[in-house]
Amino acid sequence: MVQVDVIWSYAFGASFAAASARQLSEEPKAFNNRHFIRLLVYLSCYFGPSGLFLLWAFPRWETMQVATSLDQIPPWLVTLFGVTNVTQGIIGYWVGYRLARQKEYYKANLNWFLAWIVFWFVLACGWDTTGWQRFLYDPMMNHYEPWEPGRHNGMWFFFGPVFTSLVVMGAFFAPALQNGVVDQCYKSLRLDSDSRSPTGLEYLSLTGATYGSMFFGTLILAVISSFIVRGCVAALGNMLFGYVAGLLISVVLGYFLLVRRGMPLHRFMRRFYDSDKHDLVAIGSTTSNSTTSNSTY
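Counting in our numbering, the sequence shown runs from 44 upward without gaps.
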């Protein structure tokens, strides 16, 4: 969808960068390496064209039911849409690269994880808490009747032409994602001299953790946040104030309950990078304290 693809593009760029964080930490130039080229191929040959196809084939759905036909979409918007599907991915990659150079591997992985949450949140909540209804409404399944608040196809959406197109495109996306994200992350772990080489079973576990995070874990967190926003909107009786209040509550709860070092998300994300400079400092401090204690005795 036009409103979320720029966020999704950023998430992909951040994902590619985090997966190659160990290698990128030694790369002096952000845009002159094979990891960036791999991302460019993915964005320009897979992701960008897929968005343009969906906009042409399903203009209502791709614009979250805002436009009723291609005639209502100005050429400049189509051009901007195609460009940002690549440029936002580059920005996501660049942020990840900068964090990798600083050996902030946890933050580099947070970069893609949080971007995926925002992507799903916009789909689930939208700008007026009806995002999920707009997403689950396929005009072709409803004789091209205009969408109205409260209307959606529910589970039947997943049997319609829009979702079928998404599945077909996903079959082409999957190998590129596997190579650009999972395989590179696996290689990064093998390059880490401070950890043992991962096994084949751990490769499967890494694959499950990667796709599980992208398409389920971040989705669940986004849905929870959307419920908080909807609750605040209903409680305050004002869309703007309720939306802002819901977002603030979601961010604060997310930080203190999940994101901080030592919290569940930090422990979970360690499987993608093993350790970063903060973990090494903590280990060194613990070792030093242990040595001092032993020498005392």
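Quick reminder that beta carbons are idealized off the backbone N, C-alpha and C, glycines included.
Mapping the DSSP letters down to three states, classify residue i as helix, strand or coil.
i, result
"Ser93", "helix"
"Gln108", "coil"
"Thr172", "coil"
"Met44", "coil"
"Val194", "Looking at the sequence provided, one finds Arg at residue 194 rather than Val. Arg194 falls in the coil class under three-state DSSP."
"Ser63", "coil"
"Ser236", "Note that Ser236 has pLDDT 49, beneath the 50 cutoff, so the model's placement of it is unreliable and the number below is only indicative. Residue state, collapsed to three classes: coil."
"Tyr136", "helix"
"Ile263", "helix"
"Glu245", "helix"
"Asn76", "coil"
"Thr329", "Low confidence applies here, because Thr329 scores a pLDDT of 41, under 50, leaving its location unreliable and the question unanswered by this model."
"Met306", "coil"
"Leu220", "helix"
"Ile292", "helix"
"Phe284", "helix"
Confirm, please, whether the CB-CB distance from residue j to residue i is below 8 Å.
i, j, result
"Val224", "Ala54", "no"
"Asp171", "Met282", "yes"
"Gln115", "Arg177", "no"
"Leu179", "Phe200", "yes"
"Ala151", "Gly139", "yes"
"Ala64", "Ser231", "yes"
"Tyr85", "Ala219", "yes"
"Ile160", "Ala265", "yes"
"Val47", "Phe162", "yes"
"Ser268", "Ser293", "yes"
"Ser52", "Gln145", "no"
How many angstroms separate the CA atom of residue i from the CA atom of residue j?
i, j, result
"Ala60", "Leu95", "25 Å"
"Tyr229", "Tyr148", "14 Å"
"Gly56", "Leu279", "37 Å"
"Val343", "Tyr246", "With the chain covering only 44 through 340, there is no way to say anything about residue 343."
"Thr111", "Cys275", "31 Å"
"Tyr298", "Val49", "24 Å"
"Ala167", "Thr173", "7 Å"
"Ala277", "Leu244", "47 Å"
"Pro182", "Ser93", "19 Å"
"Phe270", "Val302", "20 Å"
"Val205", "Leu97", "8 Å"
"Ser236", "Thr242", "Residue placement at Ser236 cannot be trusted, given a pLDDT of 49 that sits under 50; the coordinates are not used to answer."
Using only CA atoms, which one of the options lies nearest to residue i?
i, options, result
"Met44", "Phe74, Lys72 and Val121", "Val121"
"Phe90", "Met184, Asp114 and Val211", "Val211"
"Gln221", "Arg81, Asn76 and Phe74", "Arg81"
"Cys88", "Gly243, Met312 and Gly125", "Gly125"
"Arg141", "Gln131, Ser208 and Asn154", "Asn154"
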